[in-house]
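Worksheet: the structure to be examined is printed underneath.
There are 2 protein chains.
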Amino acid sequence: MTLLLTNEDADEILTMNECIDALEGAYRDISRGIATPGGRSVMVSETGQGDGVYALKMLGGIVPSLGVGAIRINSDILTWPESGGGMRRVKLPKAPGGRWVGLVLLFDITTGEPLAIFPDGVVQRMRVAGTSALGVKYMAREDATIAALIGSGWQAGSQVPALCAVRDIKLIRCFSPNAARRQAFCQEMAAKTGVEMIPAPSAEAAVRGADIVLCATNSVGNVLYRDWIGPGAHITAIRDGEIAPAAIAAADIVVIHHPANLSADHIDAPEGLTIPDQSREATSRDELKDLSGAPVLADVIIGKAAGRNSDADLTCFLNYHGLGFQFAAAGAAFFRKARAEGRGRELPTEWFTEDVHP
Amino acid sequence: MTLLLTNEDADEILTMNECIDALEGAYRDISRGIATPGGRSVMVSETGQGDGVYALKMLGGIVPSLGVGAIRINSDILTWPESGGGMRRVKLPKAPGGRWVGLVLLFDITTGEPLAIFPDGVVQRMRVAGTSALGVKYMAREDATIAALIGSGWQAGSQVPALCAVRDIKLIRCFSPNAARRQAFCQEMAAKTGVEMIPAPSAEAAVRGADIVLCATNSVGNVLYRDWIGPGAHITAIRDGEIAPAAIAAADIVVIHHPANLSADHIDAPEGLTIPDQSREATSRDELKDLSGAPVLADVIIGKAAGRNSDADLTCFLNYHGLGFQFAAAGAAFFRKARAEGRGRELPTEWFTEDVHP
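These protein sequence lines are chains P and D, in that order. Counting from 47, one number per residue, gives the positions in the first sequence under this note's numbering. Counting from 47, one number per residue, gives the positions in the second sequence under this note's numbering.
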């Protein structure tokens, strides 16, 4: 049977520690050359409705030690409204019932069969946050206790428990443009994690003096600047462009997620279609192209590259453009626990297989 | 609702003419720059079982004029046995029930929602054969009546009706290594199409004197050679390497499917893993790299490039490494007809959508 799972299943049974452990194992496999980080492709077109852009995205990857491959699909209607003084990327929930479309399909590498199908929402943010947490684990100071979080949305909500899983955090200062939203977010996260959360009046106020700075926004522009950060800090971002190039340049150690992510060749759009995200990314990629030789997180995790040389280092982990093997890793942990606990809806595997040589 | 369809549905309701028409419209969109041909990624690893290689493949593409995007996934256990004097690529049916795993997901570009999910088998060979047929339609001589077919497997089975849809074919000579198989195939195809089919004792015997030569094999090596073909013929292949480089070089006009397919950057394998297909493809790609500027089928279809200048031209269409927009086109035709005829199993779209911003 193929297991159909939900975001609620993932939220209820997959713990952040399990997710981080699965990701860490997968990164070790990547370093050893046995895992396949996977391809990435983004196709865009007009929607035919005049509002926004249609984007069809696919990631894939294989983690042999977990026995799975995964493909993650996003079928999005994208817009870029101005908000809070900057441009944000917003996905419109246009599917029936006002819903979004993101899917993960998990496959068994010994039989090829589809093991599970589930929406990507919860697992997607857990693997992003879990990867940021691995950056913190291997790069931040051991004695880091004060963190800043820029963003209070879906991704930010997973960064807090992930951070707390790897460092003994006492205080998190959070900024996002909407005061009511950041206030509510801090209350919610404090209740969930038991860590003190303070809404900050500006990004700068949140960041100054913090040991760890997490950017987790949908912003198209920079949200973290050089002047706010000092020696000993660890900074990280989940989107290309969140950290101003000068801040990245100031870091003593910059670690990237994967070199494939520095190339722009994975976007496939008709000429003439304006994609704000892409044009911005292209610019910042140009400025940052000397990062192509930067150490990757996988090598830091196995000790092949240094994540930090001294307590005075300013360290930076660029956790953007994730790869499919992260979904294979987190998906395997989720699927196995769901199977063990009898979760999910069993669908006939024959629905998704065939009796002809394809 | 999301429609779950089967290979039987496709076989029974999607006609070759409908498939060719949908593909032709999509190629016109490609020429006009409004369709997105789409990305392609192949990830491979060991299977953990010692037999063969696990390959996870994804294609995607968008055809705005049909309002759909598609992703096609293959989750294969690959082996390369020796057979009939050559090496063939064979996908092992290891999924429960001895089945293969190939899936197409079709999405609505105005809402993002998944419209349909179906196995790829029948649609996949119909879009390959339909594309070969478009090559014949725009490149072969109008008065072509005698064809040669090398191969008698799954792909070959669709090439015969596709060819007969675009030219008034009187005779097809078919060769494949197994005499009993090619005999049975000829009987089956003759009954299906009403065209005379003759099993040939060798590939050369099938090819000599033919107006059109179709290669539709799983062979890793060359199956069609320069000396067998003369002026006025049209030759085509569905796999890189089927046509010997000298035969391609001899053609007056060579048309390729898409320039993206001449690059090798879409294969992602751990070091040390032996992939016979890849090593062979890399070699032939090197030999053929001057094809990067060759005209593409889409431009031939809209008349921007010539498919043939005279009846004496030897023409060649290289129909390999298909792209996702073919699945969007053929899938749209299939889905609409299935919906109109009340075919398929309706699954709740909520199973494949979510209420969180992914």
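Where is the CB? At the ideal position from N, CA and C, for every residue including glycine.
Coarse secondary structure for residue i, derived from DSSP in three states
i: Lys140(P); result: coil
i: Asp214(P); result: coil
i: Pro394(D); result: coil
i: Asp122(P); result: strand
i: Ala193(P); result: strand
i: Ser356(P); result: coil
i: Trp305(P); result: The sequence given here places Pro at residue 305(P); Trp does not occur at that position. Note: Pro305(P) maps to helix in three-state DSSP.
i: Lys383(D); result: helix
i: Asp154(D); result: strand
i: Tyr366(D); result: coil
i: Met133(D); result: strand
i: Lys183(D); result: helix
i: Gly287(D); result: coil
i: Val169(P); result: helix
i: Asp401(D); result: coil
i: Glu188(D); result: coil
i: Asp332(P); result: Residue confidence for Asp332(P) is low, a pLDDT of 49 falling below 50, so the modelled location carries little weight and cannot support an answer.
i: Leu209(D); result: helix
i: Leu102(P); result: strand
i: Ile299(D); result: strand
i: Leu112(D); result: helix
i: Gly377(P); result: helix
i: Leu337(D); result: helix
i: Ile80(P); result: coil
Residue i at chain D interface by Cβ criterion, 8 Å
i: Pro127(P); result: no
i: Lys140(P); result: yes
i: Thr82(P); result: yes
i: Lys137(P); result: yes
i: Gln205(P); result: no
i: Ser338(P); result: no
i: Gly148(P); result: yes
i: Met89(P); result: yes
i: Glu456(P); result: Missing from the structure shown is residue 456(P); chain P here goes from 47 to 404 and no further.
i: Asp401(P); result: yes
Residue i beta carbon near the ligand GDP (any heavy atom closer than 7 Å)
i: Ala386(D); result: This structure lacks the ligand GDP, and indeed carries no ligand of any kind.
Pick from the options that is closest to residue i, judged by C-alpha positions
i: Leu151(D); options: Tyr184(D), Met133(D), Ala116(D), Ala296(D); result: Ala116(D)
i: Ile302(P); options: Gly167(P), Arg213(P), Asp55(P), Tyr73(P); result: Tyr73(P)
i: Lys140(D); options: Ala293(D), Asp97(D), Gly339(D), His367(D); result: Asp97(D)
i: Gln201(P); options: Gly167(P), Leu105(P), Leu180(P); result: Gly167(P)
i: Ala193(P); options: Leu124(P), Asp75(P), Ala251(P); result: Ala251(P)
i: Asp336(D); options: Asn365(D), Gly370(D), Ala376(D), Pro291(D); result: Pro291(D)
i: Val88(P); options: Leu50(P), Leu369(P), Arg382(P); result: Leu369(P)
i: Arg86(P); options: Val109(P), Asp67(P), Asn120(P); result: Asn120(P)
Minimum Cβ-Cβ distance from residue i to chain P less than 8 Å
i: Asp122(D); result: yes
i: Arg145(D); result: yes
i: Thr156(D); result: yes
i: Pro404(D); result: yes
i: Leu151(D); result: yes
i: Ala386(D); result: no
i: Thr93(D); result: yes
i: Asn53(D); result: yes
i: Gly85(D); result: yes
Within chain C, partners of residue i - CB distance below 8 Å
i: Leu50(P); result: In the structure shown, chain C does not exist; the protein chains are P and D.
Element boundaries [beta strand (DSSP E), containing residue i]
i: Leu161(D); result: 160-165
i: Pro245(D); result: 242-245
i: Glu92(D); result: 86-92
i: Glu258(P); result: The question names Glu, yet the displayed sequence has Ile at residue 258(P). Per DSSP, Ile258(P) belongs to the beta strand (DSSP E) from 258-261.
i: Leu50(D); result: 48-50
N-terminal and C-terminal residue of the alpha helix (DSSP H) that residue i is part of
i: Arg74(D); result: 62-77
i: Arg228(D); result: 225-239
i: Val253(P); result: 249-253
i: Leu343(D); result: 343-347
i: Ala56(P); result: 53-59
Within 7 Å of chain D by C-beta, residues of the segment 97-118 of chain P in sequence order: Under the 7 Å Cβ criterion, the segment 97-118 of chain P contributes Tyr100, Leu102, Met104, Gly106, Gly107, Ile108, Pro110, Gly113, Gly115, Ile117.
(request) Please name the residues in the segment 160-184 of chain P whose beta-carbon is closer than 8 Å to at least one beta-carbon of chain D, in chain order. (result) Per Cβ criterion, the list reads Pro160, Ile163, Pro165, Asp166, Gly167, Val168, Gln170.
Worksheet entry | Residues from the segment 198-222 of chain D in contact with chain P, defined by Cβ distance under 7 Å | The segment 198-222 of chain D vs chain P, Cβ under 7 Å: Trp200.
Practice item. Quick one: which residues of the segment 258-288 of chain P get their C-beta closer than 8 Å to a C-beta of chain D? List them in chain order. Key: Listed by position, the residues of the segment 258-288 of chain P near chain D (Cβ gap below 8 Å) amount to none.
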